[in-house]
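Set out below in structure tokens:
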């Protein structure tokens with residue numbers, strides 16, 4: 001049951017809008033106040049909605065038929081009332097205010113009257129959502145690419161079937177109030193129907209004669225919703241709906257249906273929103289033009305922007321969706337489309353979708369627009385229809401995602417032993433989307449990772465597509481079937497999915513090593529590493545920082561995504577290693593118990609570990625260890641005082657050998673000794689004796705230290721790098737990845753630490769770097785025969801670009817010559833000061849795994865690079881590629897390469913280019929941050945970046961927001 005307490009009635013809600021009216025009268029534009037722009041647009045678009053007939057009753061099914069028409073919004077009168085009161089104290093103004101007050105009172109639009117009428121008291125209704133039915137009406141103007149011309153609102157009707165239970169004392173308190181999450185929904189009518197107990201919840205059409213008006217201005221109902229829907233002062237995202245006299249007729253327990261007719265607005269990347277514009281190629285019927293997709297993003301708090309609901313992860317219910325959209329467009333939702341029918345409005349169509357399983361509101365999903373799809377069967381019995389989608393013109397880049405999606409669904413069904421309750425799964429590449437979302441049956445992805453052009457992206461693109469698809473498909477079990485109980489327990493969803501995705505990746509793509517990729521992630525040109533990529537290294541690196549929250553924070557708003565995803569995954573990996581060491585399959589048996597016992601339910605992070613640790617395959621010895629982690633008050637088993645969940649950081653184990661025994665001690669690990677906490681928690685750590693050759697493992701331990709935390713001092717870093725670089729294993733594919741890349745990370749840390757050192761120190765460090773990377777570089781230039789294991793080959797493909805690039809820009813002549821020769825080859829294009837074909841990349845003939853390194857060497861031209869074209873000519877052509885190349889990966893590769901130039905003019909020009917409009921692929925915020933970090937590797941680059949930042953910071957913040965400062 002969901003019930004709020006200590007509800008206070010709102011005073012008159014006009015103060016927030018007073019500033020907006022003042023701004024409007026001063027003539028300030030939308031950029032001066034987001035509030036002004038939003039509310040002005042809302043009123044404007046509401047009027048346009050009437051013009052386009054959005055209140056046409058006949059276009060809805062019987063269970064979604066609206067009543068009445070759109071009404072003028074009452075708060076407009078209140079704005080004017082308040083504004084006029086402050087405008088002047090003259091007698092004429094006072095008389096005018098009295099007139100306005102009289103008009104608003106007689107029209108029934110006064111919020112003051114509504115609030116005071118309800119202040120006499122009332123009771124809150126305890127209820128449980130059972131089924132939501134949502135009907136969305138979209139207009140052709142919603143899809144216009146030009147924001148200034150587009151319609152930014154939509155009309156919707158939703159029904160909520162709920163079960164309720166009210167105590168006798170509550171019934172005596174007076175008017176009942178139903179509280180729901182609702183943000184910026186403008187209500188036109190609300191209806192209530194008491195449902196008999198024998199009426200099934202799902203799919204039941206309710207007779208119109210049984211409906212009772214709660215508010216609205218339709219026939220038989222003359223009570224504006226401004227009197228009934230009360231914004232709660234203690235929670236601005238909730239409203240209280242007063243049932244009035246209707247509440248007195250309710251039995252003590254039963255079921256009811258609430259129906260809402262309202263207008264909602266599109267938001268920026270939340271709720272139902274407009275994607276980045278995309279281009280639709282010309283065809284026989286229409287010329288090339290642009291459009292947008294309309295898609296949802298409801299995690300964590302977005303469902304309340306789309307429909308009134310209980311927007312909490314544990315408040316699960318069924319969802320039935322109906323969409324009216326222009327003909328020729330594809331409409332998708334969680335369930336399979338079951339009815340396609342022409343709308344009664346010309347040029348429109350209506351699509352109704354099957355009911356979902358019981359699920360959380362944040363998993364509700366809608367996607368509408370011009371899409372092209374490829375379908376294939378999946379599942380352990382081929383019973384799932386899987387379709388991957390892109391906007392027109394990019395469907396040729398769906399192959400990798402299709403392999404990953406079908407393979408992942410089949411893998412998870414087999415590994416978990418649980419079949420999915422849905423019959424179809426749609427996976428969509430959304431233009432410009434940030435991140436991906438695991439909506440049940442309708443998974444939405446950023447096009448940057450989901451789409452793979454195999455001729456330009458190489459191993460890195462393949463790996464990222466496989467990883468993100470396996471992660472989001474894992475959520476269909478871990479997050480959708482079994483869900484986090486609260487947002488503080490989000491690692492139930494994200495930790496499990498971040499752990500399981502690596503099993504999936506290797507199962508679907510055997511050439512990708514799960515153990516190596518789980519340990520460490522890289523990117524070819526310094527692009528940011530995702531929160532669940534290489535979780536062991538990423539989690540430990542993040543957890544050692546002071547001030548980082550625990551895996552389960554006290555307040556989800558203070559959580560850290562890296563800790564939630566990667567630390568949770570690393571903890572689960574540790575537990576699997578411990579448990580399966582004594583009995584293979586123990587962890588898997590625990591996961592299957594979790595899914596069978598809590599399907600369609602919600603669990604906390606503590607309950608997750610408890611259930612996994614109660615695996616029926618758990619050996620007795622390990623069961624005893626798990627019990628030692630638990631505090632058991634009576635029969636209630638809970639994980640309490642559990643540092644793995646509640647304490648920040650992670651332990652450092654110190655082994656001190658003695659004459660006949662080894663003493664183990666622990667304390668919290670931090671990167672720098674000065675940061676060591678005064679007191680550390682005690683983590684429960686099972687210990688099992690084993691033999692270990694410390695000498696043989698030293699290089700790997702050095703690499704581990706360099707990879708996730710750097711080293712305590714520059715001298716220690718130099719020692720560790722030297723040991724790792726000289727290890728013979730570093731020339732193998734796995735060695736390049738697991739030894740070479742950590743050595744490179746240590747060297748880059750040294751470069752930043754010694755940025756203020758004198759020139760001789762800088763030169764010595766560059767020479768040391770070139771020498772340290774020479775073994776790995778030579779192994780890439782002259783690789784071993786192709787008898788290497790496929791996983792070693794793939795790891796080498798991931799590592800060779802970063803290693804060659806670092807070696808070249810640090811004056812390794814062999815690496816520089818090797819890279820620059822690709823651009824002097826007979827089939828290489830000529831580098832001109834101005835590009836004659838800006839849409840053509842100069843590196844189409846180069847291996848994508850090293851193409852970024854080639855560009856970086858060409859623009860920096862270190863010793864050994866003998867290009868005929870100078871750095872300026874190279875920079876000009878790379879700038880053209882960045883602005884105009886039709887391939888996203890190639891455009892970003894060229895832009896990132898410019899940040900390795902040695903010329904301050906080229907560096908500053910590349911940063912300015914990143915902010916200029918008109919580029920085919922505008923540079924994302926995280927890539928601009930990557931450019932700034934790359935420039936920070938040298939004193940010249942750091943000084944140039946700082947000068948540019950001082951000149952351009954306001955433009956950067958306007959374009960990317962202040963969060964770029966933290967990237």
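Numbering (full-length UniProt numbering), first residue to last: 1 to 967.
Think of the CB as a built atom: it goes at the ideal place given N, C-alpha and C, for glycine as much as any other residue.
If you're wondering where the values come from, they're calculated on a predicted model, not measured in any experiment.
Limits of the alpha helix (DSSP H) - the one that residue i falls within
{"i": "residue 442", "result": "Here residue 442 belongs to no alpha helix (DSSP H); instead the beta strand (DSSP E) covers 442 to 446."}
{"i": "residue 423", "result": "Unbroken run through residue 423: none, as it is neither H nor E."}
{"i": "residue 593", "result": "586 to 597"}
{"i": "residue 471", "result": "454 to 474"}
{"i": "residue 502", "result": "491 to 508"}
{"i": "residue 573", "result": "568 to 582"}
{"i": "residue 791", "result": "790 to 809"}
{"i": "residue 247", "result": "245 to 248"}
Continuous beta strand (DSSP E) stretch holding residue i: start and end
{"i": "residue 538", "result": "Element bounds for residue 538: not the beta strand (DSSP E) but the alpha helix (DSSP H), 535 to 543."}
{"i": "residue 663", "result": "662 to 668"}
{"i": "residue 348", "result": "348 to 353"}
{"i": "residue 318", "result": "318 to 326"}
{"i": "residue 155", "result": "153 to 165"}
{"i": "residue 229", "result": "229 to 231"}
Whole-number beta carbon distance between residue j and residue i, since they are thought to touch under 8 Å
{"i": "residue 332", "j": "residue 442", "result": "6 Å"}
{"i": "residue 310", "j": "residue 181", "result": "7 Å"}
{"i": "residue 730", "j": "residue 741", "result": "That pair is no contact at about 10 Å."}
{"i": "residue 131", "j": "residue 285", "result": "Contact flag wrong, Cβ pair sits at about 40 Å."}
Residue of the options minimising C-alpha distance to residue i
{"i": "residue 945", "options": "955, 910, 957, 960", "result": "910"}
{"i": "residue 497", "options": "566, 822, 551", "result": "566"}
{"i": "residue 154", "options": "306, 428, 914", "result": "306"}
{"i": "residue 864", "options": "311, 819, 324", "result": "819"}
{"i": "residue 376", "options": "798, 444, 385", "result": "385"}
{"i": "residue 891", "options": "841, 160, 617", "result": "841"}
{"i": "residue 157", "options": "136, 858, 300, 950", "result": "136"}
{"i": "residue 183", "options": "216, 263, 127", "result": "263"}
{"i": "residue 788", "options": "603, 824, 299, 732", "result": "732"}
{"i": "residue 343", "options": "396, 645, 324, 811", "result": "324"}
{"i": "residue 236", "options": "194, 395, 271, 179", "result": "179"}
{"i": "residue 214", "options": "547, 586, 260, 814", "result": "260"}
{"i": "residue 848", "options": "889, 684, 230", "result": "889"}
{"i": "residue 851", "options": "138, 459, 685", "result": "459"}
Cβ-Cβ distance between residue i and residue j below 8 Å
{"i": "residue 302", "j": "residue 164", "result": "no"}
{"i": "residue 795", "j": "residue 748", "result": "no"}
{"i": "residue 368", "j": "residue 294", "result": "yes"}
{"i": "residue 568", "j": "residue 551", "result": "yes"}
{"i": "residue 453", "j": "residue 397", "result": "yes"}
{"i": "residue 561", "j": "residue 604", "result": "no"}
{"i": "residue 440", "j": "residue 359", "result": "yes"}
{"i": "residue 755", "j": "residue 942", "result": "yes"}
{"i": "residue 314", "j": "residue 485", "result": "yes"}
Sequence-distant residues of its chain with Cβ nearer than 6 Å to residue i (five each side left out)
{"i": "residue 468", "result": "436, 449"}
{"i": "residue 278", "result": "391, 431"}
{"i": "residue 337", "result": "351, 353"}
{"i": "residue 149", "result": "none"}
{"i": "residue 521", "result": "529, 533, 534"}
{"i": "residue 99", "result": "Here residue 99 scores only 44 on pLDDT, less than 50, and its place in the model should not be relied on; the value that follows carries that caveat. Nothing listed; no residue qualifies."}
{"i": "residue 958", "result": "none"}
{"i": "residue 234", "result": "none"}
Own chain residues within Cβ distance below 7 Å of residue i, not counting five before or after
{"i": "residue 408", "result": "469, 470, 473, 504, 508"}
{"i": "residue 953", "result": "none"}
{"i": "residue 553", "result": "488, 559"}
{"i": "residue 327", "result": "347, 348, 349"}
{"i": "residue 951", "result": "none"}
Own chain partners of residue i with C-beta closer than 8 Å, once the 5 adjacent residues on each side are dropped
{"i": "residue 718", "result": "750, 768"}
{"i": "residue 564", "result": "490, 491, 494, 495, 531, 551"}
{"i": "residue 887", "result": "453, 456, 841"}
Residue i beta carbon near the ligand ADP (any heavy atom closer than 7 Å)
{"i": "residue 371", "result": "The ligand content of the structure shown is nil, which means the ligand ADP is not present either."}
Contact with chain C by residue i, beta-carbon distance below 8 Å
{"i": "residue 434", "result": "Within the model displayed, chain C is absent; a lone protein chain is all it includes."}
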